[in-house]
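Protein chains in written order, with my numbering: chain A, 5 to 144; chain B, 5 to 144.
All residues carry an ideal CB built from backbone N, CA and C; glycine is no exception.
Note that the structure is a prediction, hence the values are computed from the model and not measured.
For reference, the structure is listed below as structure tokens.
There are 2 protein chains.
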Amino acid sequence: MEQRVSVISLGVADLDRARAFYQAMGWTEGSGSTDDIAFFQAGGLVLGLWDRTKLAEDSAVTNSEGWGGVTLAYNTRSRDEVDEVMEQARAAGAAVGRSPAETFWGGYSGVFIDTEGNPWEVAHNPYWVIDDDGNTLLGV
Amino acid sequence: MEQRVSVISLGVADLDRARAFYQAMGWTEGSGSTDDIAFFQAGGLVLGLWDRTKLAEDSAVTNSEGWGGVTLAYNTRSRDEVDEVMEQARAAGAAVGRSPAETFWGGYSGVFIDTEGNPWEVAHNPYWVIDDDGNTLLGV
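See the structure below:
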């Protein structure tokens, strides 16, 4: 197994609402999207939105309510960009879980919760590099 | 907001057990890993393992038991590689959620559940491209 992730599938309660949220965040759907599923080319991986009940069945798991242990993060190139993205998310219908502030690990971040309940940390981490292609790279 | 994901954080019940699982899958930890957190450079993003209770608190969510709507996938370059990765995962301590078989969408996939309960689909999708850098690209 190579050390990489190909797809992040988010199971959603309301696909139209979820599509509208990510579109409002500036994302554009890619090839293969249908009435039942939305695919976004997100850097080197695919982010998919699909009915949560169907995704649970397809994933061979029981569909619990609430958060199940996975948090995504979007890392920015500046502190100001954290504030900007958090405001964009709020305007698009996300809940603000944690307002932007300095963190215990020396960065600056906030958390928004998307319309389907998925938390996204929006973070500026001065120890990591975001290259011109948008890859997030651990320090050396 | 650019159309990309920087970090996938998996909240784990037993960090030593989770580390051992991903190491057994052939993954090597990167810079910044400590006794409390494991970071893996996974293509253009970072996959992190952290205590699930702490991650829930940091993510401003309630820590539910079970699956919370997110499934990861690892896409292979061949059908045979699906079988190989599923067998590697089983040997490393994962549960087999769904044995490899042809799928309704024209591919071939199985699902393993890692030691912390996270489902991974292992899939060969003939309509998508995996480039030499390991990026998974939607068709055009």
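Those residues of the region 50-82 of chain B placed with their C-beta closer than 8 Å to a C-beta in chain A are V50, L51, R56, L59, A60, D62, S63, A64, V65, T66, N67, S68, E69, G70, W71, G72, G73, V74, T75, L76, A77, Y78 and N79, ordered along the chain. Under the three-state reduction of DSSP output, Y78(A) falls in the strand class. For the region 23-48 of chain A, the set of residues with a beta-carbon nearer than 8 Å to any beta-carbon of chain B comprises M29, G30, W31, T32, G34, S35, G36, F43, F44, Q45, A46, G47 and G48, in chain order. Under the 10 Å beta carbon count, V144(B) is surrounded by fewer than 16 other beta carbons and is classified as exposed.
When secondary structure is reduced to three states using DSSP, T57(A) falls in the helix class. The alpha-carbon of G52(B) is positioned some 18 Å away from that of E125(B).
For the pair G70(B) and G138(A), the CB atoms are not nearer than the 8 Å cut-off.
Within chain B, M29, G30, Y78, V89 and Q92 have C-beta atoms less than 7 Å from the C-beta of M5(A), given in sequence order. Residue range I41 to A46 is occupied by the beta strand (DSSP E) that includes Q45(A).
Assignment of beta-bridge partners to F116(A) by DSSP yields V100(A) and W124(A). P130(B) is positioned such that its CB atom lies no closer than 8 Å to that of S63(A). A Cβ of chain A is located within less than 8 Å of the beta carbon of E120(B). By the neighbour-count criterion, in which 16 or more other beta carbons inside 10 Å mark a residue as buried, G121(A) falls on the buried side. Residues of chain A whose Cβ lies closer than 8 Å to the Cβ of L14(B) are, in chain order, G73 and V74.
Within the DSSP bridge table, the entry for N67(B) names W71(A) as partners. At a beta-carbon threshold of 8 Å, the residues of chain A lying near P123(B) are S63, A64 and V65, ordered along the chain.
Within chain A, A46, G47 and G138 have C-beta atoms less than 7 Å from the C-beta of R8(B), given in sequence order.
Residue contact with chain A for L19(B): absent (no Cβ-Cβ distance below 8 Å to any residue of chain A). One finds nothing in chain A with a Cβ atom closer than 7 Å to the Cβ of G97(B); even the nearest lies about 14 Å away. By the rule that beta-carbons nearer than 8 Å mark a contact, V133(B) does not touch chain A. In the structure shown, E106(B) falls within a strand segment according to DSSP collapsed to helix, strand and coil. Here L19(A) carries a helix assignment [DSSP, helix/strand/coil]. Contact annotation: V74(B) and V11(A) have beta-carbon atoms that are not nearer than 8 Å. Between the region 78-88 of chain A and the region 30-50 of chain A, the count of Cβ pairs shorter than 8 Å is below three; the stretches do not touch. R83(B): member of the alpha helix (DSSP H) spanning R83 to A95, first to last residue.
Straight through space, the alpha carbons of D55(A) and A17(A) are spaced by roughly 6 Å.
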